[in-house]
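Engineer:
2 protein chains.
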Amino acid sequence: MTRKEARSRCPIATSLDIFGDRWSLLVVRDLMFTDRRTYGEFLAAGEGMATNVLAQRLEHLDCAGIIARTIDPTDGRRAMYRLTPKGMDLAPMLLEMVVWAAAHEETDAPPKLVAAMKRDRKRFIAGLRKVHGE
Amino acid sequence: MTRKEARSRCPIATSLDIFGDRWSLLVVRDLMFTDRRTYGEFLAAGEGMATNVLAQRLEHLDCAGIIARTIDPTDGRRAMYRLTPKGMDLAPMLLEMVVWAAAHEETDAPPKLVAAMKRDRKRFIAGLRKVHGE
DNA sequence: GATAACACTTGCTATTTGCAAGTTATCTTC
DNA sequence: GAAGATAACTTGCAAATAGCAAGTGTTATC
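Line by line, the protein sequences give chains A and B. Just so you know, we're using our numbering here: the first sequence kicks off at 1 and counts up by one. Just so you know, we're using our numbering here: the second sequence kicks off at 1001 and counts up by one.
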């Protein structure tokens, strides 16, 4: 997916230039809400992402500064990914996306989790940041 | 863009099935934040969307219940679009996207507007809802 | 050294996007 | 009423991306 030169500089257009596709935010989701950290784990997430697409998305998110890649010191084959602070700052948006979908679509989000998100967004996000060592 | 059968029922995956592409949220943006309401106006927004892509996106958002289409009573050629309540409920997510992009990317969002969003999200969203007659 | 695992890469097909001309219905002007 | 303009798409083709599955190179294990 070659990114054309920037369109407007509108924040939403700018954001969509970075993650306006079907797969990127799924990677961010896994890093944010689950303990998946490797290429193989993202592939195994059950979303049906193709290997070339995942590789390209990881690289793009890395270049955008949303995720960071390191090599597992205990296994030189394994690349580990984590969210950067810039990536963590996507939490409010992802949270609102969860809340929206839970209200308007059929999802398997645990009702208690959604309720916790809606009850106190700031607290929920603070909890995520703590988990991620921020 | 043929939508494959649903992947996981995760809220984020579900949402991305609906608007996980480069163009859909730009339509929602225009309806939410500007006074663009017609096919021609969306095309003229300066984002470089192709005509066939716009037509398909409008239809898809209509089918998803996010926008609604009516014919302008004063001009039978003109289709007018508006956000449904379901579409309006995307406001918090769009707002967080704006805030994120303003913080991490170079955008032309007016600083005062971004500050108003960050200062009191609920109030800003209430203002949007009032403008949209909710 | 043989085998396996990890992270991609590659070659090909299928699908979508992008471009620009085309079509149809409605409106405006004369 | 006819001619011209406009609005919303549609269409045909080229370009780009997604998807599939086999392949490759490095590292780890036995």
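Cβ coordinates follow ideal geometry from the N, Cα and C atoms, glycine included. Everything numeric in this text was worked out from a predicted model, so none of it was measured.
(1) Under 7 Å Cβ-Cβ, which residues of chain B neighbour Thr14 of chain A?
(2) In the segment 1083–1097 of chain B, which residues sit with their C-beta less than 7 Å from some C-beta in chain A, listed in chain order?
(3) Give me the Cα-Cα distance between Gly133 of chain A and Gly127 of chain A, rounded to the nearest whole angstrom.
(4) Of the choices A:Glu96, A:Trp100, A:Asp120, A:Gly87, whose alpha-carbon is the least far from that of Pro1085 of chain B?
(5) Hey, which unbroken runs of the beta strand (DSSP E) at 3 residues or more fall wholly within the segment 1027–1075 of chain B?
(6) Answer with buried or exposed for Val131 of chain A, where buried requires no fewer than 16 other C-beta atoms within 10 angstroms of its C-beta.
(7) Shortest alpha-carbon distance to Asp1072 of chain B belongs to which of B:Leu1090, B:Glu1106, B:Arg1037?
(8) For Asp1030 of chain B, count neighbouring C-beta atoms within 10 Å of its own C-beta (all shown protein chains included) and say buried if the count is 16 or more, exposed if not.
(9) Assuming Leu83 of chain A is part of the beta strand (DSSP E), what are its boundary residues?
(10) With a threshold of 7 Å between beta carbons, is Arg3 of chain A in contact with chain B?
(11) Any beta carbon from chain A within less than 7 Å of Met1049 of chain B's own beta carbon?
(12) Can you tell which of A:Ala44, A:Ser15, A:Arg57, A:Met88 has its C-alpha closest to the C-alpha of Phe124 of chain A?
(13) Can you list, in chain order, the residues of its chain whose CB lies under 6 Å from that of Ala102 of chain A, leaving out five sequence neighbours each side?
Structural biologist: In short, the structure shows the following:
(1) Neighbours of Thr14 of chain A in chain B, taken as residues whose beta carbon is under 7 Å from its own, are Ala1101, Glu1105, Thr1107 in chain order.
(2) Cβ contacts with chain A: Lys1086, Asp1089, Leu1090, Pro1092, Met1093, Leu1094, Glu1096, Met1097.
(3) Whole-angstrom Cα-Cα distance: 10 Å.
(4) Comparing C-alpha distances from Pro1085 of chain B to each of A:Glu96, A:Trp100, A:Asp120, A:Gly87 shows the shortest one belongs to A:Trp100.
(5) Listed in chain order, they are 1067–1071.
(6) With fewer than 16 Cβ atoms within 10 Å of its Cβ, Val131 of chain A is classed as exposed.
(7) Comparing alpha carbon positions, the residue from B:Leu1090, B:Glu1106, B:Arg1037 closest to Asp1072 of chain B is B:Arg1037.
(8) Burial state of Asp1030 of chain B is buried, judged by a 10 Å Cβ sphere holding 16 or more other Cβ atoms.
(9) In the DSSP assignment, Leu83 of chain A falls within the beta strand (DSSP E) that extends over 79–83.
(10) Residue placement at Arg3 of chain A cannot be trusted, given a pLDDT of 48 that sits under 50; what the coordinates show is reported in the next sentence. By this cut-off, Arg3 of chain A is not an interface position.
(11) Chain A, which has no Cβ nearer than 7 Å to the Cβ of Met1049 of chain B, makes this no.
(12) Measuring from the Cα of Phe124 of chain A, the nearest candidate turns out to be A:Met88.
(13) Closer than 6 Å at the Cβ level, and outside the excluded window around Ala102 of chain A, lie Ala109, Val114.
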